[in-house]
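See below for the structure under consideration.
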């Protein structure tokens with residue numbers, strides 16, 4: 001896939017943040033990765049995509065824990081991927097691209113993981129359609145993101161609408177469930193939790209629901 005010539009607000013924001021991102025968000029990155037990993041079961045020969053992989057911290061953990069798993073990462077920011085490339089083994093495939101036009105063939109991955117990026121998607125239904133396309137028939141999605149059911153996230157969401165062009169929307173559990181179900185995903189589990197007094201998150205596991213059992 002070729003990228004458009006103009007930069008999006010997300011690209012612009014993370015090009016600026018890339019060099020300091022890991023240091024600035026160290027606690028948040030570590031906490032969200034650990035909470036996501038708690039909810040993942042991966043077979044030794046699985047193919048996994050980290051969608052919106054950023055600087056590759058989750059992929060780094062996965063590569064250490066699951067050395068035989070085939071890992072790929074996609075991010076809209078080339079600057080973030082340049083940091084990721086320094087941290088990851090050559091076996092991890094990294095690509096620049098957009099979530100609503102994934103540069104992968106159909107039925108390619110056993111698992112797609114998305115952490116802290118869903119609130120940036122202008123067209124989440126299109127993104128979920130693309131995730132369905134690249135998942136194998138029995139494949140799953142693990143989605144971790146901010147949870148608007150928490151007061152501080154609700155207030156943060158309202159504030160970011162005014163000050164951050166990259167931000168689109170934080171979701172409540174009910175809202176995200178609705179979008180997933182309407183996108184033909186079968187919900188497997190939903191967890192709502194805090195990583196500190198401010199950050200309230202949710203992790204949803206879902207499987208392709210368009211394939212007959």
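In UniProt numbering, the protein residues as written are 1 to 213.
Every residue, glycine too, gets a C-beta built ideally from N, C-alpha and C.
Query	Result
Among all the DSSP beta bridges, which residues are the ones paired with residue 40?	Bridge partners of residue 40: none, in fact.
Find the nearest neighbour of residue 149 within the set 133, 100, 175, 75, judged by alpha-carbon distance.	175
In angstroms with no decimal places, state the Cα-to-Cα distance between residue 54 and residue 75.	6 Å
Which residue marks the beginning of the alpha helix (DSSP H) containing residue 102, and which one marks its end?	Counting along the chain, residue 102 falls outside any alpha helix (DSSP H), and DSSP gives it neither H nor E.
To the nearest angstrom, report how far apart residue 28 and residue 118 are at their CA atoms.	16 Å
Just curious, the beta strand (DSSP E) that residue 142 is in, first and last residue?	135-146
Whose CA, out of 62, 177, 209, 178, lies closest to the CA of residue 138?	209
Can you find at least 3 beta carbon pairs, one from the segment 25-45 and one from the segment 191-209, that sit closer than 8 Å?	yes
Would the segment 167-183 count as touching the segment 122-134 if we require 3 or more Cβ pairs under 8 Å?	yes
Whole-angstrom Cβ separation of residue 59 and residue 84, contact assumed at under 8 Å?	7 Å
Please name the residue, chosen from 63, 20, 56, 87, that lies closest to residue 73 on a Cα-to-Cα basis.	56
Which runs of the beta strand (DSSP E) at least 3 residues long sit entirely within the segment 9-95? Give them in chain order.	47-51, 70-75
Assign residue 146 to one of two classes, buried (16 or more other C-beta atoms within 10 Å of its C-beta) or exposed (fewer than that).	buried
Whose C-alpha, out of 22, 97, 120, 46, is nearest the C-alpha of residue 165?	120
Where does residue 205 sit, in a helix, a strand or coil, going by DSSP?	strand
Is the beta carbon of residue 173 less than 9 Å from the beta carbon of residue 113?	no
Identify the continuous beta strand (DSSP E) that holds residue 192 and give its terminal residues.	185-194
Determine the closest residue to residue 33 out of 144, 163, 156, 14, with distance taken between C-alpha atoms.	144
Can you tell me the Cα-Cα spacing of residue 45 and residue 70, whole angstroms?	7 Å
Grouping DSSP H, G and I as helix and E and B as strand, with all else coil, what is residue 198?	coil
Less than 9 Å between the C-beta atoms of residue 274 and residue 134, yes or no?	The requested residue 274 is not part of the displayed model; the chain covers only 1 to 213.
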